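Worksheet: one structure, shown below.
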Amino acid sequence: MIFLMSMKGVSVRSLIGYKLDELEKYAVKSSVFRKLILLITRSDLYKTLIRHINKIRDYRLEEEVKKYPVPHHVAVIMDGNRRFARNLGLHPSAGHLLGREKVKELLNWCFFELGIKILTIYAFSTENFRRNKEEVETLMRLFEKELKSAEKDSRIHKNKVRVNIIGRLDLLPENVRSLAEKIMDKTKHYNNYILNVAIAYGGREEIIQAIKRLAEDIKNDKIDLNQINEKVFSKYLYTKDLPDPDLILRTSGEERIS
């Protein structure tokens with residue numbers, strides 16, 4: 001039994017996982033294997049198998065994570081959706097749809113399974129507006145659909161999840177902006193969990209907007225120049241009154257935060 005579970009400290013599961021990763025890297029480079037993968041992944045048998053594998057994986061991961069202190073605030077930079085889709089020979093929009101489903105799983109993991117209190121998702125930066133018109137419009141339709149769904153989501157209201165949409169909301173289409181304001185108003189008194197979704201967000205842009213608001217208050221004698229310090233300035237940021245993230249994750253494997 002010991003031999004089956006471990007070979008010189010390396011688990012059989014890890015070795016199998018490594019071999020599967022190597023096979024996947026080879027497969028995505030081959031058109032024949034890519035087509036075969038697409039056929040397999042669309043089958044009901046595959047979906048059922050993956051669902052059971054994921055349940056086992058999630059259980060083991062959850063048990064492992066619970067051995068350590070749980071972070072209070074986790075931030076996730078969504079990245080790599082388009083590359084993932086391209087590697088599978090799919091349209092970029094398919095990558096965004098898959099990313100959306102993964103976010104739903106993420107909410108369950110963080111809030112309802114691990115008890116993380118604050119989750120920030122960086123979904124769409126101001127720089128993303130430079131992408132082709134079709135992709136931007138696809139993403140805006142996706143945001144519209146998800147905001148409508150979130151407004152009626154029983155998990156949001158039952159578990160008292162406050163939803164904040166942060167960023168340059170004035171740059172968003174009217175329908176998306178209206179839905180964002182609506183869900184923020186409906187959940188503004190919820191305090192069990194906090195979900196921040198950054199749309200049309202940029203770190204530098206946030207600082208610029210904060211400086212503008214601060215300058216306006218100085219001009220109107222609402223604050224004295226000598227009173228300004230780090231704590232005061234933080235009150236002008238989108239995430240005012242919230243702690244900094246304890247953990248920042250970027251999904252694509254890129255080792256950068258911008």
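For the sequence shown, counting from 1, position 255 maps to 255 in the numbering used here; every step adds exactly one.
Note that CB positions come from ideal geometry on N, CA and C, so glycine has one too.
No experiment lies behind these values; they were computed from the predicted model shown.
Check, Outcome
"Please specify which runs of the beta strand (DSSP E), each continuous and at least 3 residues long, are wholly inside the region 180-234, giving them in chain order.", "193-201"
"Which full runs of the alpha helix (DSSP H) of 4+ residues lie inside the region 148-172, going along the chain?", "154-158"
"Who are V76's beta bridge partners in DSSP?", "I121 and L249"
"Give me the residue from D153, N191 and K66 with the minimum Cα distance to K117.", "N191"
"Alpha carbons only, please: which of I56, V176, I223 and D153 is nearest the one belonging to K104?", "D153"
"Taking the alpha carbon of L98 as the point to measure from, which residue in F112, L195, A75 and L139 has its own alpha carbon closest?", "L139"
"For L169, which of F143, K219 and N132 has the nearest alpha-carbon?", "F143"
"Under the three-state reduction of DSSP, which class applies to M1: helix, strand or coil?", "For M1, the predicted structure reports a pLDDT of 40, less than 50, and the residue's modelled location is therefore unreliable. The matter cannot be settled from this model."
"T239 by DSSP, collapsed to three states: which one?", "coil"
"Would the region 220-229 count as touching the region 180-198 if we require 3 or more Cβ pairs under 8 Å?", "no"
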